[in-house]
Structure formats: structure tokens, C-alpha cells
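According to this note's numbering, the stretch in the sequence shown is residues 11 to 914, in order. For each residue, glycine too, the CB sits at the ideal point set by N, CA and C. Take a look at the structure below.
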Amino acid sequence: MRADRLYAALLYLLCAVLLALAPRVLAVPPSAPTVLAPANGASVQIPFTAQWSAVSEPGVIAYNWQVSTSSTFSPVQKIGSTSTATQAAVSGLANGTYFFRVQAVNSGFEQGAWSAARSFTVSGASAQAPGKAVLDPPVGYATFHPWESMRFTWSAVPGAASYIYEASTDARFPITNTIRFDNIPQPQYGFAIANPEGSYTARVYAVNADGTVGQPSNTITFSVFYANPVPPAPQPTAPAAGATLTLPITFGWTHTLNPQDSGYELQISPFSDFRTNEVPTAVQITPNSYVIRSLTAGTKFWRVRSHQGMASPTTTAVTAWSPVRSFTVSSAPPVPVSVTPLRIPLFSGDDTWVELQLSGPVPSAGGNVALSSSHPAIVPVPATVAVQGSQAWTQFRVVAGQVTAPTPITLTATYNGVSASSQFTLNPPALQSITFSGAKVSAGVPLSGVLMLAGQAPAGGAVVSLASNTPAVQPPASVTVPAGSYSAPLSLPTSDVSTQTTATITASWNGVSTTSTVTLMPAPHPLSLTLFPATINAGQVSDGLVTVDATATFDQYLRVSSNNPDLLPFLSTLVVIPAGDNRGAISLIPKNVVAQTTVARISVTGSGVTRFADLTVNPSGTPAPAATLSSFTVTPASVTGGQSATGRVTLAQAAPAGGTSVALGSNLPGSASVPASVLVPQGATSADFTIATFPSAGTTVQLSARLGDTILFASLAVTAAPSGPTLSSLALSPTTVTGGASVTGTVTLTGAAPAGGASVVLSDNASAIVTPASVTVPAGATSANFTVTTAGVSAATTGAVTASFGGVSKSASLTVNPPATGTATLTVSASGRGGERITSTPAGISVAVGSTGSAAFAAGASVTLAVTNGRDAIWSGACSSNGNKARTCTLTLNANGSVAANVQ
């Protein structure tokens, strides 16, 4: 099998494998990014940078973005795409209000949902943008036919490297209905419109060397219709009417108002009514002149017209014929006029056609013209060249040989005893150029280029010396252009550099030198190399992702290698980090059959830093490895932007010594952010982490957890914060009580409550705590109190009271203790008479003579007693605790007024 066919077969196999595996790797389209900049409603000047959050699902390869003057994006005025960069420079917008949105695309070319739109207003252009051009009316006229070439000019803009031209039948210039030409080098352009017919509006933009597009020019209008008029006929200018001429003859005429590329048609006939033409009609003539090299002798008539596009069955798109002119071709015997090589200058080994022109036609039987060369050994010519009957022109081919010095060559043609000669110089082969693939290259990777000669290398080849002005580029001492070849490829090793380095490569041969300069840029430092999946079966595909320490400003390269090239025959030796990104992708495609499980170590290197990752390849049919993550959950599933949520990862088995690190990701880090990883401690099966959210217009964030070859996803809805006041704080006083006591709660808002008040929802999570269902903050107030009651408990209980308002919840802890333990004493000092009573303050005891009563009191509390006769207090006493245990005082009032006390 030929090498090119083998390559094609392998490429086809690679594509087939990728297509077969894509549905299994990409389960769902990517989720929507979040637009981060410009801010909603912002006023900007072009150019500005639009930014959005990254989508974390595997396989995302690009982002598409759109700009429209409508929030429904109907129509879309501007589109763009990045590789994996999450920002784009936006320019080329007129003043006005616009909307921006973005979507992600995965490697299966599935397009994700569009982000929520952001509005912005363009107020002008900064100094970074080029100025506006002034667009002129179309050249000639503004009424064209389908397929008629139109020409436009505009004013040059200082600093413009190129221009963009747009035309549309919709003055809003929607993408789907706009003709657009870019990279126009000069302030002029021509094109044709096939369809649709209609009235068009056109404008142009200037573009500077950085690719920044200025604001659009003024607009002009033109139309394209089959029924549009045609311009007047061209007018003959040469040859003079009635002239007698020898060949060749140059015909000339005036341009039409809108001359067409390949639009003129010339007719030459021996009859004034052009019933037949002597030569086939000359069509598709671009300039307003044409050279005829062969005609028969005698009087001829000629005329010309111009085609102005395409006609319809009922219309015309061609001008009238010009006025007819006549001339006479001389009947004198033909003689040579010229013998001219078409390729000048000519170098050794070059070939060229040589044109032979006679002054008139040879006889109908034909004629042979004698040829000679002043150096037949190095520029051989045939002895004669045949000219067909009735013709005055022919051509023949010569191939130059090798010379070592510039050599004058004379070619001579002889016919009818008359000769004509031409002279040119045959040059020896010379060094022409040395070029490389880019002006900036990553140091450490080979520098690719081409060495070109003018002419073919002589026998033994051209041994060209190479030199570099820096050790960072190490060319070989020489490279040989093989004999008979015009060029030789170059691949020059480079070494890592710590700073930007300019390298000048010099090529020298036969006393002639040429140089080429490239800039070596420090290769990026690879931060990580991850493979997913890291364990596959033979014939499957693993995707590698390389991250580097900084966003690339141009396409940069890192070296890639494997310790098992036989296992990975298609592994590229380089990975590209696209401009504007800090990531690069590689595909790992092992051979289709392995006899046993095989591990290949993949390495990526840049600036002296190497990162490794191992790929395990099992025989076909090997069951997939068990999942390493069993679940990934987020609680709660919805929060208001600015609140936090909790994520939990659970392993399929307990973490080993040192714990297990699980990688985390968020597709919208501007809305919900997670740490880079969470560690499941040794012996544990799960670990929690905090998810921080930020104020948002409302979106759903897809979070990911990855361990080895298992990746799980969980969604978190981040809702918009309400426009009114929200809950600021919740306080309890006291925060520790004995069961049965009450507590005062206070809720505070971030602002005054609206009309009708603010109803704050209350709740608790312990049976010993009793909280009202809500508390109302009066209109205009910022806080309100409420009472929390408690119940007796046998053991200390801690619960929480929660308040919620305006999408914000706050909690406060409350501890309820059981009755205290300890001892108590009762001291009574009194005198009294029968019929007196003992009462307690606070209430709890009322004892009549001869009776008993009891009162319970808490640790640290006391009961003050009083003996009265119904009117006056005649003695008092106290029962108090000296410990931390609640006690009961049992009192007996004797008839003689004494008090018996029993404390338990």
C-alpha cells in the first residue's frame, strides 16, 4: 500500500473510532455559561471585552456568542466563536443598545443552551479602534443586474490594516441576510450578487493590525434587478478606421460606465453584417483592449459590446454593439516579428514557453519556421517549428540546463529569408529564501521551515550552510537541496528560553546569504496533565487535558511523549495551547489489540517542567472499573444568590491512609463557586464542602465531582435576590435557660418594612422550644420582638430558632437545661397568733394554722415568706438554695405561731 493511502486509511480509522465513542463520552449537551461582562445596562466604547463563566462538563471545545439589537436575538447582527477561551473582544458596533449571549459546544458538536442575555449601550469608540471610513456611491451607477460586477470605493482610514464590506436588503444587517467580505487590503472592492433581487444598503469598517474593527461608515444604497437599465455601448479607439496592418493587431475601445471583469465581447468578420466571423468570437475580455495574432489577409470588420451580468427570459443585460470599423490585413509574405520567452528571469533547470509571432498568416498548407539558439547545449531549441495553415502565431517549449555564471542567450527565428531574435540571460541557481511557519514560536519545540532556491539544484545538490545567532536555535551545519529540486524542508531543534529571544537564521550558498528572523517565546509551564478516562480498553479513546500557568497570547506548543509508543502509535509529539486559552487537548488512541493490561506513562514538557499521567489499557471486553464515587449531593438544591449551600461527596469505600482527594468543578463559577477539591479523611466515606454563591439574575449551576474515571454532577439553583429588604439578623436573649423559662427573640431587617409590615416566618427544631409561627415587623420599622417559651427537660437540650424573610434565613442557638441540683435552707423569724396564715412571695405557699404547704424553687432562687393576720405582716422568712439543685420547701404553721420547715 502506498504511504499516502496508508495515511488516509489510518486517518479514516481514527475518525471512525472517535465517532463511535462520542455518544458514550458526551451524555448531554453542555450547560449554559453565565455572562460576566459587560455589566447589565453598562455603557461601553468599542472595543470592549465580553466575559463569561467556563462550562465544566468534559469535552467542551468552543463557545459561540451573539450580539443583537433585540432581546429576542431576532435578528442577530454579530457572531463569534472562541476555542475554549471564556472571553472575546467585541468591536465593529455603531452607537446604540445591544444584547449579548453565549453558549458552549462540545466535541460531539452539540450546542448547549444560550446564557441569559446582557444588555449594553455603545457610546462610541476608544483610541484602540480605527476611525470611520466614508463610503462612496458605486462606481458607474447604482442600478445593477444579477451577476453584474459592482465596484465600490471609500476613504482610506489612518492605521487601517484591512477593511470589511457589508451589504444587505435589510438595513439592520442581520447575519443571516448580510453579504460580508473581510480582509480587503485597499479601500476599494468589487463583487457580484446572484440573488436575491432587491434594494441593498451597504457600509464598510476599518480594521487595524490587532484585528479591532472600527465603527461602521455611512451607508449607501444600490439595487440589483433583472429589469435595471444597461449602459451605453463602448466606442472603438484602435486601429484607425481603414488602416492597413500587419500582425499582431491590438484593438481598443472605451470602457462602459461599469466595465465588467471578462465582460467584453469582440467580433471580427470579413463581412460588414457579421454573417460569419473569421475567428471565433473573442469573449470574456477584461481590459478595454485585445491582441489578435492570426488573421487572413484582406479587409475585415470589427465591433465590441459589454455584458453587464445575467439576463432573464424577458430582459437583457448586454449593451448594444459599438459602431463598426474596418481595417485591412496586409497580403505581404509573412516574416518573423518576435520570438519571446514567457518566463523571465530564467534560472538553471527552469522551463518556459516561447511565443513565435509572424507578420501575417502562412499559406493554408502551413509553414515551418527555422529556429536556432546561441547556446544549444544549455538552451536547446528544435530546428524548426510548424505554424498551422493560415495562422501567424505558435509557441514551443524549452528547458534550460545548468550554468555556473549568468549567460546571455539569443534565440532566432527565420522565415521567408527574414530573421527576428530575442536575447535573455540564463542565471545559475541561487539561494532565494528561508522561511519559517510563524513569526513567534514556542521554545523547546522544533522550528519548521522551508529553504528555497531560484532554479534547480545542480548535480550533487546544493549544500547550503546554516547558522544561528543564538544557541536557543541549533541548526545543522548545512542542509542539502537535492539535485534537480527547488527546495528542502527544515526542522531546527530549539531549546527552552527564560525570556523572549530573537533568533536570526542565516542560510548561505555560492556567496549569497539570506536570513529569516523568528521570536522564541518561553514555553508555558504545564500545571497539570489529566486523562479521562484513565483506564480504557484497547481501541477506545482517552482525552487528555493539559493546563498551563498563563493564557497563551499566540498558539503555543508543549512536547508530548509516551514511554510506550508501540501502544500509542497515533500520539502527537506536540500539544497546542490555542491563543486566548490556558488549556490544550490531546487524544490517546491505543492500538486495537493488547494481550494483557498495559500501562503507558504520558508526559508533557515545557520550560523544563514535566507533568505525567498514566493510561491503563485493558484487553477488549474487559469490564469497566467500578465507580469510585457513589454519590454527589447538594443541600439545599436552591439558594438565593449570596447564600451558601453544602455539597457532599460519598465514596464507594472508606478512604485509605492519607485520605482521598475528590476534584470539584463549577460550570458557572461566577454564580456558584466550589473549592478545587475536597479531602475525604482516612477511614471516612464522605466529606462536606461549602458552595459559595453570588448575586445572580437567576440560573442553574452544574457542579461536578470527579475521582479517577468517575465523574458525577449535581445541580444548584441560584435565584435572584428580592428587591425589597431582607432579613439581616436574628438574636435570642438569653441563649441558655432552665426548662419552663421564656426567651426574647429579635428579628432585624436590612431596611424598613414595607406598607402592611413584614411577616417573618419562624420555626424551631427542638420539642423543648416553642416558637410562634411568625412575627410581624411593623411598616416603617426595621425590627420586632417575639417570645420563645421552653418546656422542662431531663437533660440539657440545644436547638435552633430560624427566621426567614426575603429569601434569607438566619438561625440562632438556644440551650434548655433541666432543674439544678444541690441543698436548700429555710430560715424563719416570727411571732404570731392563732388564725394567722403564711403566704409566699412569689406565689406558691398559703398555709393556715395547723396545715402544711409546699413551694418548689429553682437553683439559685429564693422564696420570701410572710405571716400576716390578714392585715399586717408580723414576721417574715426565706427559703433559698445553696446549690445547683431545685428544692421544695414544706412548711407547717403551728398554733403558737411557730413554723416547722422541711426542705427536700
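- Message: Restricting to Cα atoms, I'd like to know which of E158, Q113, F119 and A171 is closest to G141.
- Response: By one-based count along the sequence shown, residue 141 stands at place 131. When each option's Cα is compared against that of G141, the closest is A171.
- Cβ distance (whole Å) where L740 is taken to contact V757 below 8 Å: On the sequence shown, position 730 is the one that residue 740 refers to. On the sequence shown, position 747 is the one that residue 757 refers to. That pair is a contact at about 6 Å.
- Message: So, for L46: in the same chain, excluding its five sequence neighbours on each side, which residues have a beta-carbon less than 7 Å away from its beta-carbon?
- Response: To locate residue 46, count along the sequence shown from 1; it is residue 36. Here the set comprises Q61, W62, S63 and G680.
- Message: Give me the DSSP bridge partner(s) of V199.
- Response: Stepping through the sequence shown from its first residue, residue 199 is reached at position 189. The sequence given here places Tyr at residue 199; Val does not occur at that position. Residue pairing by DSSP puts Y199 in a beta bridge opposite F162.
- Item | Distance between T760 and S793 (C-alpha atoms, nearest Å) | Residue mapping note: residue 793 aligns to position 783 of the sequence shown, counting from 1. Residue mapping note: residue 760 aligns to position 750 of the sequence shown, counting from 1. Cα to Cα, S793 sits roughly 9 Å from T760.
- Task: Taking all protein chains shown into account, decide if T291 is buried (16 or more other Cβ within 10 angstroms of its Cβ) or exposed.
- Result: In the sequence shown, counting from the first residue as 1, residue 291 sits at position 281. With fewer than 16 Cβ atoms within 10 Å of its Cβ, T291 is classed as exposed.
- Close Cβ partners of S374 (< 6 Å) along its chain, the five nearest in sequence each way excluded: Taking the sequence shown and counting its residues from 1, one reaches residue 374 at position 364. Excluding sequence neighbours, S374 sits near G399 and S400.
- Query: According to DSSP, which residues form a beta bridge with Q97?
  - Reply: The count along the sequence shown starts at 1 and reaches residue 97 at position 87. Note: Q97 sits in a beta bridge opposite Q61.
- Task: Please state whether DSSP places T837 in a helix, a strand or coil.
- Result: Position 827 of the sequence shown, counting from 1, holds the residue named residue 837. Low confidence applies to T837: its pLDDT is 41, below 50, so where it sits in the model is not reliable enough to give any reading.
- Task: Return the CA-CA distance between L305 and V339, expressed in angstroms with no decimal places.
- Result: For the purposes of this step, residue 305 is taken as residue 295 along the sequence shown, with counting starting at 1. For the purposes of this step, residue 339 is taken as residue 329 along the sequence shown, with counting starting at 1. Taking the straight line from one Cα to the other gives about 7 Å.
- Just list the beta strand (DSSP E) runs in the region 616-687, keeping only unbroken ones of 3 residues or longer that don't cross its boundaries, in chain order. Taking 3 residues as the shortest admissible run, the region 616-687 contains the following complete beta strand (DSSP E) segments, listed from N- to C-terminal end: 619-628, 639-645, 648-650, 654-661 and 670-676.
- Spatial neighbours of V473 within its chain, please: CB distance less than 6 Å, with the 5 preceding and 5 following residues excluded, ordered by chain position. Residue numbering aside, residue 473 sits at position 463 when the sequence shown is read from its first letter. The beta carbon of V473 is closer than 6 Å to those of S488 and T490 in its chain, skipping five residues each way along the sequence.
- Using the rule of at least 16 other Cβ atoms within 10 Å of the residue's Cβ for burial, across every protein chain shown, is G802 buried or exposed? Taking the sequence shown and counting its residues from 1, one reaches residue 802 at position 792. Of the residues assessed, G802 falls on the exposed side of the cut-off, its CB having fewer than 16 other CB atoms within 10 angstroms.
- Query: Can you give the Cα-Cα distance for T424 and G252, rounded to whole angstroms?
  - Reply: The count along the sequence shown starts at 1 and reaches residue 424 at position 414. The count along the sequence shown starts at 1 and reaches residue 252 at position 242. Computed Cα separation, rounded: 30 Å.
- Can you tell me which of the three DSSP states T306 falls into? As a working mapping, residue 306 is identified with position 296 in the sequence shown. It is coil, neither helix nor strand.
- Message: Distance check for R593 and T660, CA to CA, integer angstroms please.
- Response: Working through the sequence shown from its first residue, we reach residue 660 at position 650. Working through the sequence shown from its first residue, we reach residue 593 at position 583. When the Cα atoms are used, T660 and R593 turn out to be separated by approximately 29 Å.
- Could you tell me which of K601, S129 and T620 sits nearest to V627, measuring between CA atoms? Indexing the sequence shown from 1 puts residue 627 at position 617. The option with the nearest alpha carbon to V627 is K601.
- Query: Near P456, what residues of its chain come up, given a Cβ to Cβ distance below 8 Å and the 5 sequence neighbours on each side ignored?
  - Reply: Within the sequence shown, numbered from 1, the residue matching residue 456 stands at position 446. The answer, listed in chain order, is S501, L502, P503 and T504.
- Touching by the beta-carbon criterion (3+ pairs, under 8 Å), the region 631-644 and the region 571-579: In short, these stretches do not touch, since the Cβ pair count stays below three.
- Query: Would you say N238 and Y274 are within 8 Å of each other, going by their C-beta atoms?
  - Reply: Taking the sequence shown and counting its residues from 1, one reaches residue 238 at position 228. Taking the sequence shown and counting its residues from 1, one reaches residue 274 at position 264. No, the pair does not count as a contact, with Cβ atoms beyond the cut-off.
- Task: Please state whether DSSP places N426 in a helix, a strand or coil.
- Result: For this step, residue 426 is matched to residue 416 along the sequence shown. Three-state result, N426: coil.
- Message: For S117, tell me which candidate among V688, P40 and A440 has the shortest Cα-Cα distance.
- Response: Walking along the sequence shown from the start, residue 117 turns up at place 107. A check of alpha carbon separations from S117 across V688, P40 and A440 identifies P40 as the nearest.
- Checking contacts by CB at 8 Å: is H385 closer than that to chain C? Among the protein chains of the structure shown there is no chain C, as only one such chain exists.
- Three-state secondary structure (DSSP) of I354: On the sequence shown, residue 354 is found 344 positions in, with the first residue counted as 1. DSSP places I354 in coil when its eight states are reduced to three.
- Item | Three-state class that DSSP yields for T222 in the structure shown | As a first step, residue 222 must be located in the sequence shown, where it is residue number 212. It is coil, neither helix nor strand.
- Task: Indicate whether A430 and V372 have their beta-carbon atoms separated by less than 8 Å.
- Result: Taking the first residue of the sequence shown as position 1, residue 430 is located at position 420. Taking the first residue of the sequence shown as position 1, residue 372 is located at position 362. Cβ distance not < 8 Å, so A430 and V372 don't count as in contact.
- Query: In angstroms, rounded to a whole number, what distance separates the CA positions of G370 and S233?
  - Reply: To locate residue 370, count along the sequence shown from 1; it is residue 360. To locate residue 233, count along the sequence shown from 1; it is residue 223. Answer to the nearest angstrom: the Cα atoms are 48 Å apart.
- Query: Say the cut is 7 Å; is the CB of V586 nearer than that to a heavy atom of the ligand COA?
  - Reply: The model depicted lacks the ligand COA and carries no ligand whatsoever.
- Message: Using CA atoms only, rank isn't needed, just tell me which of T709, T620 and P635 is closest to A647.
- Response: On the sequence shown, position 637 is the one that residue 647 refers to. Ranking the options by Cα distance to A647, first place goes to T709.
- Helix, strand or coil for I185 per DSSP? One-based indexing of the sequence shown puts residue 185 at position 175. Three-state result, I185: helix.
- Within the region 552-604, note down every full beta strand (DSSP E) run reaching 3 residues or more, in order along the chain. When DSSP assignments are scanned along the region 552-604, the uninterrupted stretches of beta strand (DSSP E) that are 3 or more residues long and fall wholly within it turn out to be 552-558, 566-572, 584-587 and 593-598.
- Message: Among L555, T96, T524 and S478, whose alpha-carbon lies nearest the alpha-carbon of A589?
- Response: What you label residue 589 is simply residue 579 of the sequence shown in a count that begins at 1. Restricting attention to L555, T96, T524 and S478, the CA atom closest to the CA of A589 is found in T96.
- According to the Cβ coordinates, are Q712 and E67 closer than 8 Å? As a working mapping, residue 712 is identified with position 702 in the sequence shown. As a working mapping, residue 67 is identified with position 57 in the sequence shown. The answer is yes: Cβ separation under 8 Å.
- Item | Sequence-distant residues of its chain with Cβ nearer than 6 Å to T422 (five each side left out) | Within the sequence shown, residue 422 is the residue found at index 412, counting from 1. Only S382, S429 and S431 meet the Cβ criterion.
- Query: Do I388 and A402 come within 8 Å of each other at the CB atom, strictly closer than that value?
  - Reply: Sequence index remark: in the sequence shown, residue 402 carries index 392 (1-based). Sequence index remark: in the sequence shown, residue 388 carries index 378 (1-based). Note that the C-beta distance between A402 and I388 is not below 8 Å.
- Item | Status (buried if at least 16 other CB within 10 Å, exposed otherwise) for R611 | As a position in the sequence shown, residue 611 is number 601, starting the count at 1. Classification for R611: exposed.
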